[in-house]
Each structure stands twice: as C-alpha cells, then as structure tokens.
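Here is the structure we will look at, set down as structure tokens.
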Amino acid sequence: YSFHLRPWIENFPKDQIKIVIFDEWIQDEKEILEEICDFLEVVSSYDFSEVLDEKKNTGGIYKSRLLKEIYRKNPLLKYIYRNHILDTTLEDIVKKFTHRSGYPEMSEETRAFVYKQLKEDIEDTEDVLGRDLDLWKPQ
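As structure tokens, this is what we get:
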C-alpha cells in the first residue's frame, strides 16, 4: 500500500486526505462514517442504519466447480440475471447451491507466513501514514 499512498501523501496536505483502513471500518462502521462526515465537514446527522445493516465485501467459496463454471461462462444466464430477475436474483439462487458463507479461517501459521512476506510494506505503510497498523500483524 505504501507505494500507492506515498505520492498522495507527498503531494497533498495530510488534512486533505482521509484514509480508511477496511479492518477499522468493519470494527465500527458508524464511527468511521462519522469521522468521514467530520473530515468532509458535512453534518453527520444522517441515519446510516439502513446502509450499515447491509453486508459488505462478503465472500464465499464455491461448493461446486461445475455450477460455478456454468454460471460464470454462460452469457444467457448473465443476461437473464441482469435483465429479467428482480426480486429473487439468479445470483442468490446460484449462491444458495454453490457457496459456503464466509472465508475459511486463516491458520496462525499461514498468518505468520503472510505477515513475513508483507512485513516490510506494512512497516513502510505505517511510516507513510504515521500510524500503527497492529490490525495487520499477527497476534
């Protein structure tokens, strides 16, 4: 991340840039939205509850590779989904039969390996942002 953030930080005053860490967002969406409103100097009296109740950046694993390939590669299914199904979407139906909800838990061994690979960039990103990113480090 530091590679992409550094030019912005170097060319604009820090008080003109608001960087939101996704991990912090999912911990307290309401607080982060209020911080964004404050940053933009807009009134934060809007009721964000409807927005906050929606799932964001959800993921899953396909249970069936065959169904996944049929859905992903079939233009007719995509056309029907985009143009004719309104309430119950084809995607919802396909997901019901092809997805497990959520991501698998990352083992501590894998987490440590990933951190070892990204440690230098995490530290550089902390330096660029001037803040601690303990959320990205193994516990």
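If you read the sequence shown in my numbering, its first letter stands for residue 124, the second for the next number, and so on.
C-beta atoms are modelled at their ideal positions from N, C-alpha and C, and glycine is treated no differently.
Between the beta-carbon of residue i and the beta-carbon of residue j, is there less than 9 Å?
i      : j      : result
Asp155 : Glu164 : Checking the sequence shown, residue 155 turns out to be Ile, not Asp. Contact: no.
Asp250 : Ser125 : yes
Ala235 : Pro198 : no
Asp161 : Ser167 : yes
Taking buried to mean at least 16 other C-beta atoms within 10 Å of its own C-beta, is residue i buried or exposed?
i      : result
Thr248 : buried
Leu209 : For Leu209, the predicted model reports a pLDDT of 46, less than 50, meaning its position is unreliable; a value from the coordinates is still stated below. Leu209 is exposed by the Cβ-count criterion.
Please report the Cβ distance between residue i and residue j, rounded to the nearest whole angstrom; I am assuming they are in contact, meaning their Cβ atoms lie under 8 Å.
i      : j      : result
Leu258 : Ile159 : The pair is not a contact, with the Cβ atoms about 18 Å apart (cut-off 8 Å).
Phe171 : Lys153 : 6 Å
Ile142 : Leu252 : 6 Å
Along the chain, where does the alpha helix (DSSP H) containing residue i start, and where does it finish?
i      : result
Lys242 : Glu231 to Leu252
Asp161 : Glu152 to Leu163
Glu133 : Ser125 to Asn134
Glu228 : Note, Glu228: premise wrong, no alpha helix (DSSP H); not H, not E.
Val174 : Ser172 to Leu175
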